[in-house]
Amino acid sequence: MKNFLAPVLPVLMSALSLGLAASAVQAQTAAPSAPQATQKADGRLRAALGLGASHSSGNSRTSSFSLAGQGVRLTAQDRLSLSASALYASSAGTTTAEQLRAGARYDYNLGPSTFAFGLLDLERNRPANLAVRGVAGVGAGLHLLATPEHSLDVFGGVAWNADRYIDAATVAGETRSRYGYASLLLGEESQHRLSETASVYQRLLVYPNLRDRGEFRAHFGSGLAVALSSAMNLNVGLAYAYNSDPGLGRKKGDSLLTTGVSVKFD
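In mature numbering (1 follows the signal peptide of the UniProt record, and there is no 0), the protein residues as written are -27 to -1, 1 to 239.
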């Protein structure tokens, strides 16, 4: 593994700067992908913390910083997942990304292949005119695949979404400072161990609006982790967020590419 990493580490470090520079331009509502904490069904809380940064000067002045973390407590019966992230980016003295997110989810196995869950997510995103968004949801799902190397879950439920805007925005045909609505919650997620040192994951969430039919929000996140040591990983993440009605003058889709390193706390 060391012989393999030696020639590619300079390239990976260059990708760190390039990926975060891209986030400075593109990031609006897409959040940094969280590093993956070690998962063992022994009831212990394990965590991972990831960091990325870049800065350029001269013909262009850009800087960006991302921080993301995950905590997982897993048993044979249930799972508690905690996550948080922060993203800041600027270009030529103008802030292009300023986002904070935090979330929690609890899963309880009802049987060998079924589970129930509840979740709570909070988000603040100044460039997207979002003072705060809160999402609370409940539902059930199926474990379609569960092996030491691969897992695949599908799930669905209902959620309440509450948005508060920094400036009044035209949403759902009206000018508002806040907007609350019920939605469906549909999703799938999977994790795959590619080798002893590499793993990938992906997750898709869709929130069809039940108040304003035809409108919806969606978020896709994926990540690749390559072990540099027993406690440190190199991470590459890709996220895409879509809002069919983000408010007048706002873009519907936003993407974010991040690269960085993470440390596991086992």
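Think of the CB as a built atom: it goes at the ideal place given N, C-alpha and C, for glycine as much as any other residue.
Assuming contact is defined by CB atoms lying nearer than 8 Å, are residue i and residue j in contact in what I supplied?
i           : j           : result
residue 194 : residue 24  : no
residue 228 : residue 213 : yes
residue 142 : residue 102 : yes
residue 200 : residue 231 : no
residue 167 : residue 131 : no
residue 156 : residue 178 : no
residue 36  : residue 63  : yes
residue 111 : residue 91  : yes
residue 185 : residue 135 : no
residue 48  : residue 16  : yes
residue 100 : residue 70  : yes
residue 9   : residue 172 : yes
residue 60  : residue 50  : no
residue 80  : residue 52  : yes
residue 127 : residue 118 : no
residue 160 : residue 176 : yes
residue 11  : residue 239 : yes
residue 196 : residue 180 : no
Would you mind reading off the limits of the beta strand (DSSP E) that contains residue i?
i           : result
residue 178 : 171 to 181
residue 153 : 147 to 166
residue 115 : 103 to 119
residue 32  : Unbroken run through residue 32: none, as it is neither H nor E.
residue 54  : 51 to 64
residue 96  : 87 to 98
residue 71  : 67 to 82
residue 137 : 123 to 144
residue 232 : 226 to 238
residue 17  : Neither: residue 17 is in no beta strand (DSSP E) and is coded neither H nor E.
residue 195 : 189 to 200
residue 207 : 205 to 216
Can you round the beta-carbon distance between residue i and residue j to whole angstroms, since I take them to be within the 8 Å contact cut?
i           : j           : result
residue 54  : residue 40  : Their Cβ separation, rounded to whole angstroms, is 18 Å, which puts residue 54 and residue 40 out of contact at 8 Å.
residue 20  : residue 44  : 4 Å
residue 74  : residue 96  : 5 Å
residue 93  : residue 113 : About 17 Å separates the two Cβ atoms, so there is no contact after all.
residue 217 : residue 163 : Rounded, the Cβ-Cβ distance is 25 Å, inconsistent with contact.
residue 190 : residue 215 : 7 Å
residue 22  : residue 209 : With 8 Å as the limit, residue 22 and residue 209 do not qualify as a contact, their Cβ atoms being about 16 Å apart.
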